[in-house]
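Residue numbers (the working numbering): 1 to 115. Read through the structure below, which is laid out as structure tokens, and then see the notes.
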Ligand code: SF4
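Here it is, written out as structure tokens:
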């Protein structure tokens, strides 16, 4: 099986060619650095994404948040359900953890100062 991906690890956006043989061994070409190879392998075996959203604060203000590491795509629905239930305390600042281990090792952190 062969497929083509665009690496999203940096703005260069290398075009990656990913081949998987009958035993499941993956080879990657087109990557200009090792991050591209890791991205292609992860994307082919267990795709992950940073989740970006907002949570409601106790005063009704919406607070911008994201996961501090990518989460499995299969877990994003559960993460969003949790995000929708969160009411965070105020004040918050960039980098504050709103919810620990929202999925595996991912914490939900604040991405903007809100008073
Ligand atoms: S392979 Fe490396 S240089 Fe190319 S887009 Fe990915 S991170 Fe950037």
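Where a beta carbon is used, it is the ideal one built from N, C-alpha and C, also for glycine.
Using only the heavy atoms of the ligand SF4, determine whether one of them is closer than 7 angstroms to the beta carbon of residue 39.
As a first step, residue 39 is located in the chain shown; it is residue number 39 there, counting from the start. True, at least one ligand heavy atom lies under 7 angstroms from that Cβ.
Report all residues for which the CB-ligand distance to some heavy atom of the ligand SF4 is below 5 angstroms; order them along the chain.
In chain order, the hits are 7, 9, 10, 12, 14, 31, 32, 33, 35, 36.
With distances taken Cα to Cα, identify the nearest neighbour of residue 87 among 76, 108, 75, 74.
Position 87 of the chain shown holds residue 87. Among 76, 108, 75, 74, the Cα nearest to that of residue 87 is on 108.
Could you tell me whether the Cβ of residue 98 comes closer than 8 angstroms to any Cβ of chain C?
The displayed structure is made up of one protein chain only, and chain C is not part of it.
From what residue to what residue does the alpha helix (DSSP H) around residue 44 run?
Against the chain shown, residue 44 aligns to sequence position 44. Note, residue 44: alpha helix (DSSP H), 34 to 45.
In three-state terms, what does DSSP make of residue 111?
Here residue 111 is taken as the residue at index 111 of the chain shown, counted from 1. Here residue 111 sits in coil by DSSP.
Within 10 angstroms of the Cβ of residue 7, are there 16 or more other Cβ atoms? Answer buried if so, exposed if not.
On the chain shown, residue 7 is found 7 positions in, with the first residue counted as 1. The residue is buried, with at least 16 neighbouring Cβ atoms inside 10 Å.
Residue 56 to residue 80, Cα distance in whole Å?
Position 56 of the chain shown holds residue 56. Position 80 of the chain shown holds residue 80. Straight-line Cα distance between these residues: approximately 13 angstroms.
Give the C-beta separation of residue 64 and residue 54 to the nearest angstrom, bearing in mind that I take them to be a contact with Cβ-Cβ under 8 angstroms.
Looking up residue 64 in the chain shown gives position 64. Looking up residue 54 in the chain shown gives position 54. Sure, about 6 angstroms apart at Cβ, within 8 angstroms.
Strictly by DSSP, which residues pair up with residue 88?
Looking up residue 88 in the chain shown gives position 88. According to DSSP, residue 88 bridges with 57.
Mind checking residue 113: buried by the 16 CB within 10 Å criterion, or exposed?
Here residue 113 is taken as the residue at index 113 of the chain shown, counted from 1. By the 10 Å Cβ count, residue 113 comes out exposed.
Would you report the Cα separation of residue 11 and residue 31, rounded to the nearest angstrom?
To locate residue 11, count along the chain shown from 1; it is residue 11. To locate residue 31, count along the chain shown from 1; it is residue 31. Those two C-alpha atoms are separated by around 13 angstroms.
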